[in-house]
Amino acid sequence: MIKDQIYYLLHSSMDKTFIETFNINIESHIVPSEKRICVSYNMKSHTFKRSISNLSDLIEFSNKLKYVLDERIHKLYYEDKNNENAYLNKTLRKELEIGKKERDVTNLSKKNLQMSIESSLKLIEKCMQNMYKQNYEITLHDLKLAYNMLPCKYYGFFLSNLCSTISTLSYYVNDLQGTFNFALKSIKYEPKYNVAWKCLGDAYRSFRKFWQAKNFYDIAIYLGYKDEKGERFEDIVQELNNLTENALKNVDLLKEHMNNSTNIIIKKNIGIVLNKNPDSIGGCYVSYIIEGSKASKKNLHHGDQIVALNNHVTYGKPIDFCLKAFQKNDGTYDIIFFKGNIIELYGLKAYKYLMKNDLFYALFENEQIVSFKRNETILFDMKGFGTFSEYGMSKAEFV
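In UniProt numbering, the protein residues as written are 1 to 399.
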């Protein structure tokens with residue numbers, strides 16, 4: 001998180017000249033014997049190391065680094081200017097002076113931007129220190145303000161931790177939509193942060209979506225989450241495990257306990273094409289619906305996961321099992337679909353697959369569009385995975 005904050009403190013300096021000119025190695029490490037954090041940078045022959053105990057120390061470190069960088073940029077600019085002066089005519093000199101004025105304006109903007117960033121980081125530090133010492137609503141308001149003040153959103157643990165804290169406070173003040181939205185942001189900024197997944201599990205559990213909550217808690221535990229607040233987390237997870245395990249043994253229980261599931265009874269020749277999920281996950285989904293078919297007139301959509309068919313649970317089963325279940329019918333199909341993304345349905349197995357194959361951000365709508373522009377094949381591979389909605393749950397789901 002220290003390095004993430006350094007990125008913010010250096011943000012105002014990261015212009016084209018900075019990026020093209022410098023290659024800086026910034027490191028942070030903990031000194032076990034002294035229980036303190038140190039940061040250092042190494043830039044060619046110049047090195048600097050600083051012990052960090054609070055944000056002020058970090059700001060001092062970044063200012064020292066920026067001073068060195070500004071000196072070098074200044075030197076580069078004037079060396080180039082002096083070398084060119086011998087060949088410049090009056091017109092070019094005039095253009096150069098105009099450019100200098102524009103740079104002066106840019107420098108003023110950078111100072112204002114830097115002040116905004118430092119104010120935001122200081123407010124975050126203050127809120128974290130007073131987390132349980134003042135009214136939750138006051139802390140929540142200030143943290144949201146600090147979040148909005150940040151000029152850009154660097155993905156990483158710092159921003160993920162900020163959003164998970166906002167999510168937790170929203171949960172405490174019974175703002176369920178805020179709990180969900182900021183838990184989702186937290187995961188988007190750093191999918192390896194265990195607290196983020198715990199927050200998302202809390203959000204879904206608040207909406208009584210126990211299947212998804214159990215899956216998100218599993219991911220949090222896999223990433224190392226431990227209950228340090230006395231919230232009976234292990235007992236809650238065990239209850240949810242019992243619920244899902246029993247549901248997978250009986251189709252009627254599956255209908256009752258699997259949220260976001262839809263039951264459809266339809267005559268055969270329904271007009272859909274099935275595709276399998278990755279082998280490490282199992283199960284199958286609707287990859288295509290034939291136009292004008294029986295299925296097109298029902299509440300079926302591309303990407304819907306089939307979890308049960310004709311009293312056979314197909315959840316997590318190999319594709320051959322799913323196809324055989326389709327063959328066993330008396331002229332009609334009794335199908336249970338799950339409407340949601342693959343990580344809501346399959347939890348840890350889906351998380352491991354998506355992370356291993358660098359497909360996790362396919363679950364977020366904006367990233368899916370970017371992936372399509374970059375590589376159409378990637379989007380095809382993502383079919384059936386579904387997405388998280390960045391706008392949160394609909395108001396209708398509050399009831």
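Every residue, glycine too, gets a C-beta built ideally from N, C-alpha and C.
Q. Expressed to the nearest angstrom, what Euclidean distance is found between the alpha-carbon atoms of ASN130 and LEU143?
A. 11 Å
**Q.** Unbroken alpha helix (DSSP H) run spanning ILE264, endpoints
**A.** It is not in any alpha helix (DSSP H) - ILE264 instead sits in the beta strand (DSSP E) that spans 261 to 267.
Q) Start and end of the alpha helix (DSSP H) containing PHE157? A) For PHE157, the enclosing alpha helix (DSSP H) starts and ends at 157 to 172.
Q) Per DSSP, which one or two residues make a beta bridge with GLN305? A) DSSP lists TYR285 and PHE338 as partners of GLN305.
**Q.** Residue burial classification, ASP4 (beta-carbon count within 10 angstroms, cutoff 16)
**A.** Counting Cβ neighbours within 10 Å, ASP4 comes out buried, since at least 16 surround it.
**Q.** Under the three-state DSSP convention, the category TYR315 falls into
**A.** coil
Q) Using DSSP with H/G/I as helix, E/B as strand and the rest coil, what is ILE272? A) strand
Q: Specify whether the region 216 to 236 and the region 244 to 259 touch according to this definition: at least 3 beta carbon pairs, one from each stretch, less than 8 Å apart.
A: no
Q: Just the C-alpha distance for THR314 and TRP211, rounded to the nearest angstrom, thanks.
A: Rounded to whole angstroms, THR314 and TRP211 show a C-alpha spacing of 16 Å.
Q.
In the DSSP assignment, the alpha helix (DSSP H) including ASP358 goes from what residue to what residue?
A. Counting along the chain, ASP358 falls outside any alpha helix (DSSP H), and DSSP gives it neither H nor E.
Q.
Could you pull the DSSP bridge partners for TYR333 from this structure?
A. ILE266
Q: For THR139, I'd like the list of residues in its chain whose CB is within less than 8 Å of its CB, leaving aside the five on either flank, ordered along the chain.
A: Excluding positions up to five away in sequence, the list reads CYS127, ASN130, MET131 and LEU169.
Q) So the alpha helix (DSSP H) PHE207 belongs to, where does it begin and stop? A) Segment: none, PHE207 is in no alpha helix (DSSP H) and carries neither H nor E.
Q: Identify whether ASN148 lies in helix, strand or coil by the three-state DSSP scheme.
A: helix
Q) alpha helix (DSSP H) containing LYS188: first to last residue? A) 176 to 189
Q: Return yes when the Cβ of TYR285 is within less than 7 Å of the Cβ of PHE305, no when it is not.
A: The sequence shown places Gln at residue 305, not Phe. If you check the CB distance, GLN305 and TYR285 come in under 7 Å.
Q) Which residues in the same chain have their Cβ closer than 7 Å to the Cβ of SER116, if we skip the five residues on either side of it in sequence? A) MET149 and PRO151
Q: Tell me whether THR179 is buried or exposed, calling it buried when 16 or more other Cβ atoms sit within 10 Å of its Cβ.
A: buried
Q | Spatially closest choice to LEU348 from TYR172, GLY316, VAL173 and GLU231, by CA coordinates | A | GLY316
Q. Smallest Cα separation from TYR155: which of LEU123, LYS229, TYR171 and LYS188?
A. LYS188
Q. What do you get for TYR67, buried or exposed, if any count of 16 or more other CB atoms within 10 angstroms of its CB means buried?
A. exposed
Q) What is the rounded straight-line gap between the Cα of LYS298 and the Cα of LYS268? A) 13 Å
(Q) So, with DSSP's three-state summary, where would you put GLU376? (A) With a pLDDT of 34 at GLU376, under the threshold of 50, the modelled position of that residue is not reliable, and no figure is offered here.
Q) Taking THR262 as the reference, which of ALA183, LYS339 and GLU60 has the closest Cα? A) LYS339
Q: Grab me the residues of LEU200's own chain with a C-beta within less than 7 Å of its C-beta, minus the 5 sequence neighbours each way, in chain order.
A: ALA183, LEU184, ILE187 and PHE216
Q.
Taking the alpha-carbon of LYS352 as reference, which of LEU248, LEU223 and LYS324 has the nearest alpha-carbon?
A. LEU223
Q: Indicate the three-state DSSP secondary structure (helix, strand or coil) for ASN242 in the structure shown.
A: helix
Q: Find the nearest neighbour of ARG208 within the set ASN259, ALA196, ASN54 and TYR361, judged by alpha-carbon distance.
A: ASN259
(Q) Let me confirm a value: ILE265 is counted as buried when at least 16 other C-beta atoms fall within 10 Å, else exposed. Which label applies? (A) exposed
Q. Relative to the C-alpha of TYR147, which residue among PHE157, SER120, TYR136 and LYS198 is closest?
A. SER120
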